[in-house]
Structures are given as C-alpha cells and as structure tokens.
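First residue of the sequence shown: -11, per my numbering; consecutive thereafter. All C-beta atoms, glycine included, are put in the ideal place defined by N, C-alpha and C. Note that the coordinates shown come from a computational prediction; the quantities given were computed from them, not determined experimentally. Working notes, structure below.
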Amino acid sequence: MSALTELHEEISHCQECELARHRTRVVPGEGAENAAILFIGEAPGWHEDQQGRPFVGPAGQFLNELLASIGLRREDVYIANVLKCRPLANRDPLPAEIQSCRKWLDRQIELIGPKMIVTLGRYSLARFFPGETIGRVHGKARKQGDVICYAMYHPAAALHQQSLRESIKSDMLKIPQLLAQAEKLPEAERQPQQLSMF
Ligand code: URA
-11 MSALTELHEE ISHCQECELA RHRTRVVPGE GAENAAILFI GEAPGWHEDQ QGRPFVGPAG
49 QFLNELLASI GLRREDVYIA NVLKCRPLAN RDPLPAEIQS CRKWLDRQIE LIGPKMIVTL
109 GRYSLARFFP GETIGRVHGK ARKQGDVICY AMYHPAAALH QQSLRESIKS DMLKIPQLLA
169 QAEKLPEAER QPQQLSMF
C-alpha cells in the first residue's frame, strides 16, 4: 500500500470535527500519486459525498473539460479539497473545520510533491494567497518555495457566469507554459519575477 493510500485510509476514519457525523463518504482526493499539478477545491458537495470522489458533479464535468483543453485527464493530475467531508446543505466551511482538516492537505502535498498547486475557489485561495482576492490574482502564478501556486475561479462559479467561464478557460490554457518555464529554470534562478508573477 502506498503512503498516500495509507493516508487516505487514515483520513477516511477522521472524527475530528462535526462534519464526520453527517457525511456519507469521506472524499480524500484522487489522481496520480506523483502528479505535477495538484488542484485544490473547497469541499465535497452532494455528488462527491455520495461517491467519495472529488469533483464528480456538474463542476467536475466542467473541470474535466478544462483539463481536456490542455490535453490532460483527471488521472494525470491530483484533485483534492480543503475539506474532506461535505458541510451540510453545502454551507461554507467554518474556520475550525478548515483548521482541523489542514493537516490532511499538508500531508497530501508532502507526499505528492506537486510542481504546481492550482487553487479553485476562495478557501484554497485564502490558504495559498492570503489576503488576496480572486479578481486580482486569478491567472497569475506565484512561487512559494519550489512550488508554483496558481489561482483560478471555482468551476462551479464559472458554470453559471459567461464572463467567468471565459476567464477560467483562458487561465487553464496558461498552465502548460508556466510548468514548462518552471522546469527550464535552474533552481537558484527560480525567482518569482521570472515566472511572470507578481
Ligand atoms: N466543489 C468543490 O470545491 N469540490 C468538489 O469536490 C466538488 C465541488
């Protein structure tokens, strides 16, 4: 059993917050264990809670299309959420829930070792771009240590608003080039300004 599978086993028994009492399934995340790109959404919705898999509802269909636009399938990347269990009635995650779930995401990042983390929605944005707003930072990359952090609108928001839909599509199209640039740069020269960052 891989370390990531073991971690997911551990996550599936988590009882650290109230969400454990109402969930149908835990949704740890899925994808390639050594994925270069890790997408991080907000929390499971109804479909995800039923299936125990991230982004399998309408927003997930759109995410699949976006991935296909850059020649990727879900299995080529890793998809996870800030929260591993569904908040009842899809309410917003509470600060205490985010805090108690944080260690799981930390360990996933450590084990997967992505080159790029793509935030989807405001809760993952808050973690990787503290104090920023999505309107300002979407489509721009920022280096944190060795990892490129990149913010995109949440696919669910973009599903219903044509202008956001165009933004998210064009933000997705920038990913291959950002990744390629990062790989070409020698470690010592990987400075934020060289990756068209802030
Ligand atoms: N929205 C999310 O943020 N995550 C999911 O897994 C599904 C919908």
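- Look at the alpha carbon of Gln169 and the alpha carbon of Lys103, and state the distance between them as a whole number of angstroms. Numbered from 1 along the sequence shown, position 181 holds the residue referred to as residue 169. Numbered from 1 along the sequence shown, position 115 holds the residue referred to as residue 103. Cα to Cα, Gln169 sits roughly 11 Å from Lys103.
- Cβ of Phe50 versus every heavy atom of the ligand URA: is any distance shorter than 7 Å? The sequence position of residue 50 within the sequence shown is 62, counting from 1. For the ligand URA, not one heavy atom lies less than 7 Å from the Cβ of Phe50.
- Going along the chain, which residues of its own chain have a beta-carbon closer than 7 Å to the beta-carbon of Gly109, five neighbours each way excluded? On the sequence shown, residue 109 is found 121 positions in, with the first residue counted as 1. Only Gly29, Glu30 and His142 meet the Cβ criterion.
- Examine the ligand URA and report whether any of its heavy atoms sits within less than 7 Å of the Cβ of Leu108. Against the sequence shown, residue 108 aligns to sequence position 120. It does: the Cβ of Leu108 is within 7 Å (strictly closer) of some heavy atom of the ligand URA.
- Backbone secondary structure at Ala139 - three-state DSSP: Taking the first residue of the sequence shown as position 1, residue 139 is located at position 151. Here Ala139 sits in strand by DSSP.
- Query: Can you give the Cα-Cα distance for Leu99 and Gln149, rounded to whole angstroms?
  - Reply: Here residue 99 corresponds to residue number 111 of the sequence shown, with the count starting at 1. Here residue 149 corresponds to residue number 161 of the sequence shown, with the count starting at 1. Distance between the alpha carbons of Leu99 and Gln149 is about 35 Å.
- Can you check the stretch 53 to 116 for any alpha helix (DSSP H) of at least 4 residues that lies completely inside it and give the ranges in chain order? 83 to 100 and 110 to 116
- Item | Rounded straight-line distance, which links the Cα of Val65 to that of Ala56 | Position 68 of the sequence shown holds residue 56. Position 77 of the sequence shown holds residue 65. When rounded, the distance between both Cα atoms is 12 Å.
- Query: At which residues does the alpha helix (DSSP H) containing Arg9 begin and terminate?
  - Reply: As a first step, residue 9 must be located in the sequence shown, where it is residue number 21. Taken as a continuous stretch (DSSP letters only), the alpha helix (DSSP H) holding Arg9 covers Leu7 to His10.
- Task: Identify whether Ala31 lies in helix, strand or coil by the three-state DSSP scheme.
- Result: Taking the sequence shown and counting its residues from 1, one reaches residue 31 at position 43. Three-state result, Ala31: coil.
- Message: By the DSSP assignment, the beta strand (DSSP E) with Gln132 in it spans what residues?
- Response: Stepping through the sequence shown from its first residue, residue 132 is reached at position 144. Gln132 -> beta strand (DSSP E) spans Ala129 to Gln132.
- Contact check, Asp159 vs Gly127, beta carbons under 8 Å: Position 171 of the sequence shown, counting from 1, holds the residue named residue 159. Position 139 of the sequence shown, counting from 1, holds the residue named residue 127. Yes; because the gap between Cβ atoms is below 8 Å, this pair is in contact.
- Message: Among the candidates Trp34, Ala24 and Asp134, whose CA atom is the shortest distance from the CA of Ala77?
- Response: Working through the sequence shown from its first residue, we reach residue 77 at position 89. Comparing Cα-Cα distances from Ala77 to each of Trp34, Ala24 and Asp134, the minimum goes to Trp34.
- Query: What are the start and end residues of the alpha helix (DSSP H) that includes Thr(-7)?
  - Reply: Translated into positions along the sequence shown, residue -7 becomes position 5. Residues Ala(-9) to Ser0.
- Distance cut-off 7 Å: Gly45 Cβ against heavy atoms of the ligand URA: Sequence index remark: in the sequence shown, residue 45 carries index 57 (1-based). Checking the Cβ of Gly45 against the ligand URA gives yes.
- Message: Determine whether the beta carbon atoms of Arg115 and Val44 lie at a separation below 8 Å.
- Response: Numbered from 1 along the sequence shown, position 127 holds the residue referred to as residue 115. Numbered from 1 along the sequence shown, position 56 holds the residue referred to as residue 44. Cβ atoms of Arg115 and Val44: not closer than 8 Å.
- Item | Buried versus exposed call for Gln96 [16 or more other C-beta atoms within 10 Å across all chains shown] | Looking up residue 96 in the sequence shown gives position 108. So Gln96 counts as buried.
- Task: Ignore the nearest five residues each way along the sequence and tell me which others in His10's own chain have a CB closer than 6 Å to its CB.
- Result: Position 22 of the sequence shown, counted from the first residue, corresponds to residue 10. Result list for His10: Leu76, in chain order.
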